[in-house]
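Down below is the structure, laid out as structure tokens.
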Amino acid sequence: MDDILLSYYNRELTYIRRLGAEFSEQHPKIAGRLRLDKDAIEDPHVSRLIESFAFLTARIRHTIDDSFPELTEALMGLLYPDYHAPLPSMSVVQFRVIPNVPKACIIKKGRKLGTELTSMGRCYYRSCYDTDVLPINVSTTQFSTYPVKAPVLPHTPHKKIVNQAVLKLSISPFSDTLLSDITVSGLQFYINAQPQIAFKLYEYLLNHVTGIAIAKSPKDPNAEFLPPSALTPSGLEDNEAVIEFDGRTSTAHRLLAEYFTFPEKFLFIKLNGLEQCWSKFSEGFNIYIYFDQTHPELIQGINEDTLLLGCSPIVNLFEEPIESIQAADLGIEAKLRVSHATHTQRADIHTVKTVYANNGEGKRLTLMPFYGAHHKKTIDDNTLYWHLRRENSQWYGGQISRGTDTYITFVDENFKVITPDSDWIINADVLCTNRDLPSKLPFGPGQPLIDFMEGGAGLRIKCLTAPSSTIQPKLNDATRWQLVTQLSLQNFTGEDGLLVLKETLQLYDFQQTRESRSVVEGITGLSTKLTTARIVQHGRAAICQGTHIIIEFDEHYYSGSGLYLFSSLLNEFFSQFCTINSFTKLSIHIKQRPGHPIEWLPRSGKQILV
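Heads up: take any position in the sequence shown, counting from 1, add 812, and you land on the numbering used here.
Written as structure tokens, this is what we have:
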């Protein structure tokens, strides 16, 4: 029950008492025995009866005032299936090899992790990136301005570049090991720093690098040199998703949801092209990254813990069985309850993956969702479909706990409720979160304690960021606005393009904090114009017409949220709206940096054209 229903209940109870008292006065011979008064009811049995009736009418009135949101919720579930699921807690952890067991390994995406078991239960997380855990140290990290001791970059013709700063990282193996035993193609770093430092360094690594050198010393004659393109961002691909999403949800929408919920997920940078360096510098080497700009905050804020290896985002999602539902006890609908087969005491259903039934003969029957891609007219008119309904919930297992309750109904082709055969047993495969339990986890030195649920010998886990709180979806009357906005806000050209963009972004700002609102408010202008680009495919050149999108920003709004990262995600977002045989090109103009726009290459969907 939510607070809104309580308000309806109080109104209905007051109305019935007042109306009953008036009726009793007008018809004392008929209703006098009820002993009704607008302020009190003498008969306790009548009082209980009226309270029960008020509760039932409150639910009916609540549903009527919601204008029966089942239809809009079903459409949102069909078109944007992830919008009404809880946004689970997220964090970043570092996997470390124990020094006396220096063995390299890979932590695959989806590895199950768990927090320390307490009186409140255990939170379950899973890793989101494939992570190389190597027996090496980043012993020195230093950002220095020129003049510095570093290898001289090879001269680049037709490019006049003045290097102003160098970031130096010293890579060394554990004792009794050699780098020549490592075979990975690159190193993935997590930027572990205060937001204003982390997001600024992210921009410098992806937008201001002029070259990279790998060497033992500044005057090493055998130094290896890499181009700026050797540094690539992580977290933008579908296989790097943190939030569980349906295939019908576009990558761009998922990226925006992840950014507004947990931007630290994107603070991963990969340095590629190191295949030859491990054997060439088997005892250790330095990485020199050259920049065309410098920044005082980076000089003071970067230390040996800023760029870390062996890190991965984790998300509070886990598979858990539900309590079996006997068809004979089903009724109109049934609440899906997590069975708590493991040591979790708070669980919220995030996604129902599969619903199936076992009949009296022991045969397993897979049931399809009513509003689903596989719904079709079948020869058998008795075919069952299932339909879900979510309600906000403030109570779980006898304790106050914010979350949602999920109810399942079985219907036929005409959406009429039907009951399966009485000998059927209904089960489902579901993906769960721990409701609001992650927000109660301690965070500090060594906290929270996280370990592998299976295996993990020779490895340790350190939590680097405080687990974020689970964000509950907006349901019921909010659904109508969500659906209309999603369907109407698709055109960013014209005079109202800026307003359309801001309203679209606000749809994914589920937290609505002051910091997240400033990200949207910092966009001060948007314009579009037609442009052309020369593309080459299969050795043949052609001219393609596309849209050049120019966005203006006020950098003061992005001190702790990363303007460059946000712009990169907008580039991904706009490219998804590109039509066939066309492209988009994004340019960013910053109010505080006149004459220095940031531009991205033309794109058609995920394909870079130039």
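A virtual CB, placed ideally from N, CA and C, is assigned to each residue, including glycine. Please read these numbers as outputs of a predicted model, since none were measured by experiment.
- Only buried fits N1383, as 16 or more other CB atoms lie within 10 angstroms of its CB.
- For S987, the closest alpha carbon among the candidates N1226, T1391 and P911 is that of P911.
- In this structure, the beta-carbon distance from T989 to Q976 does not fall below 8 angstroms.
- Contact between P947 and A1027 fails: their C-beta atoms lie close to 22 angstroms from each other, not under 8 angstroms.
- Bounds of any alpha helix (DSSP H) do not take in I1361; it lies within the beta strand (DSSP E) bounded by R1352 to F1365.
- The segment 1068-1106 is shown to contain whole alpha helix (DSSP H) runs of 4 or more residues at 1089-1092, in chain order.
- Scanning E1315, K1092, I918 and L1142 for the CA closest to the CA of V1331 turns up E1315.
- R1158 counts as buried, since at least 16 other C-beta atoms from the protein chains shown sit within 10 angstroms of its C-beta.
- Considering only T869, H839, I828 and M902, the residue with the shortest C-alpha distance to D1248 is M902.
- The three-state reading of DSSP puts D1224 in coil, since its state is none of H, G, I, E or B.
- Per the C-alpha coordinates, the member of I1362, P1040 and V974 positioned closest to T1106 is V974.
- Across the structure, K972 and V1021 are spaced so that their CA atoms are roughly 14 angstroms apart.
- Rounded to whole angstroms, S836 and L818 show a C-alpha spacing of 27 angstroms.
- Three or more Cβ pairs drawn from the segment 1139-1151 and the segment 1216-1227 lie within less than 8 angstroms of each other, which places the two stretches in contact.
- Bounds of the alpha helix (DSSP H) holding R1326 are R1326 to E1333.
- With 16 or more other CB atoms across the displayed protein chains lying within 10 angstroms of its CB, I1101 is buried.
- By the beta-carbon neighbour count (other beta carbons within 10 angstroms, threshold 16), T1245 is buried.
- Non-local C-beta neighbours of Y1071 in its own chain, meaning closer than 6 angstroms and more than five positions away in sequence, comprise L1381, ordered along the chain.
- At the C-beta level, E1132 and V1150 come within 8 angstroms of one another.
- Ranked by Cα distance from E1116, the first of T927, S1251 and Y1002 is Y1002.
- When the beta-carbon positions are compared, S1394 and G1358 come within less than 8 angstroms of each other.
- Taking a contact as a CB-CB distance under 8 angstroms, the pair D942 and K924 does not count as one, their CB atoms being some 15 angstroms apart.
- Apart from the 5 residues on each side of it in sequence, F1074 sits with its Cβ closer than 6 angstroms to the Cβ of M902 and S1280 in its chain, given in chain order.
- If you draw a straight line from the Cα of I872 to the Cα of D1233, it is about 29 angstroms long.
- Residue range G1309 to Q1318 is occupied by the alpha helix (DSSP H) that includes T1316.
- Between the segment 1355-1370 and the segment 1053-1069, the count of Cβ pairs shorter than 8 angstroms is below three; the stretches do not touch.
- Distances from the alpha-carbon of N1098 to those of E1036, L1338 and L1120 put E1036 closest.
- In the structure shown, R1149 falls within a coil segment according to DSSP collapsed to helix, strand and coil.
- Between the alpha carbons of N949 and H1401 lies a distance of about 39 angstroms.
- Secondary-structure assignment with DSSP links Y1219 through a beta bridge to K1147 and R1201.
- Beta-bridge annotation (DSSP): A866 is not paired with any residue.
- The continuous alpha helix (DSSP H) containing S1379 extends over residues L1375 to S1387.
- Selection L979, S997 and L1413 evaluated against P1030 yields L979 as nearest (Cα-Cα).
- Relative to C1275, the option among T1166, P1125 and S1041 whose CA is nearest is P1125.
- Residue pairing by DSSP leaves P1007 without any beta bridge partner.
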